[in-house]
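**Student:** In the numbering used here, the protein residues as written are 1471 to 1640. Glycine is no exception: its CB is placed at the ideal position from the N, C-alpha and C atoms. Here you go, one structure.
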Amino acid sequence: IVKAFVNRGGRLLAFTDATRGAMYYDINGNILNFPDTGLINPLLSAFGITLNNDYLYNVEEHEGNFRNVFFDDFDKNELTFGLKRVALYGAHSVKTSSGLILLRGAESTLSSIDDAHEPDEGGAALSADGNVLAFGDFTFLTSPYQNVADNATLIANIADFTLGGKQIIT
1471 IVKAFVNRGG
1481 RLLAFTDATR
1491 GAMYYDINGN
1501 ILNFPDTGLI
1511 NPLLSAFGIT
1521 LNNDYLYNVE
1531 EHEGNFRNVF
1541 FDDFDKNELT
1551 FGLKRVALYG
1561 AHSVKTSSGL
1571 ILLRGAESTL
1581 SSIDDAHEPD
1591 EGGAALSADG
1601 NVLAFGDFTF
1611 LTSPYQNVAD
1621 NATLIANIAD
1631 FTLGGKQIIT
């Protein structure tokens, strides 16, 4: 149903956060952690987007904590219009097989999976058809973080993107 919606021009937004996930208890009382990437990747895989079960970090330049990563390398798109710097907080890395990586970290921005910089991954991605947007963080949408760097501009661009789709009514 979601794929048909997107194929008709609908817009899909997915926000995850490396600091959140689901915890369950089995019948023996053991805690089972289920990361949010396990919930969202089956949905996003149909659109060529995957979120890694990691967090991005930068010990050289950050917004108060090594997991609060700045992004200042943007692919050209209406979603990145007017951006000079964006801060994400506890973000998963996002990759796409056919779309655009919208937010790229500096070479000192690393993944917790292998402590390496992955130039093909970033903080957000847009599908090849331009209708599916995925972020590895959602804290930047909340107070007071929406006021850091150009986060407010990014939020306004996301709102314009969301309302700008041309859906075919069936």
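Confirm, please, whether the CB-CB distance from A1484 to Y1525 is below 9 Å.
**Tutor:** As a first step, residue 1525 must be located in the sequence shown, where it is residue number 55. As a first step, residue 1484 must be located in the sequence shown, where it is residue number 14. Result no, Cβ atoms of Y1525 and A1484 do not sit closer than 9 Å.
**Student:** Just confirm the distance between the C-beta atoms of A1604 and L1549, as a whole number of angstroms; I'd bet it's less than 8 Å.
**Tutor:** Position 134 of the sequence shown holds residue 1604. Position 79 of the sequence shown holds residue 1549. In fact, because the Cβ distance is near 12 Å, the residues do not count as touching under 8 Å.
**Student:** On the CB-based measure, 16 or more other CB atoms within 10 Å of its CB, does Y1495 come out buried or exposed?
**Tutor:** For this step, residue 1495 is matched to residue 25 along the sequence shown. Burial call: exposed.
**Student:** Note down, in chain order, each residue of its chain lying with its Cβ closer than 8 Å to the Cβ of G1575, except the 5 sequence neighbours on either side.
**Tutor:** On the sequence shown, residue 1575 is found 105 positions in, with the first residue counted as 1. Counting only Cβ-Cβ distances below 8 Å, and skipping sequence neighbours, we find L1526, N1528, V1539, F1540, F1541, D1543, H1587, G1592, G1593.
**Student:** Please report how far the alpha carbon of L1596 lies from the alpha carbon of D1545, in whole angstroms.
**Tutor:** For the purposes of this step, residue 1596 is taken as the residue at position 126 of the sequence shown. For the purposes of this step, residue 1545 is taken as the residue at position 75 of the sequence shown. Straight-line Cα distance between these residues: approximately 10 Å.
**Student:** What residues are listed by DSSP as bridge partners for T1428?
**Tutor:** Absent from the model: residue 1428. The displayed extent of the chain is 1471 to 1640, so no value can be given.
**Student:** By the DSSP assignment, the beta strand (DSSP E) with K1565 in it spans what residues?
**Tutor:** Your numbering for residue 1565 matches position 95 in the sequence shown. Residues 1564-1566.
**Student:** Return helix, strand or coil for S1515, following the three-state DSSP convention.
**Tutor:** The residue given as residue 1515 occupies position 45 in the sequence shown. The answer is helix: DSSP assigns S1515 an H, G or I state.
**Student:** Check whether the region 1551-1560 and the region 1497-1509 are in contact - that is, three or more C-beta pairs closer than 8 Å.
**Tutor:** no
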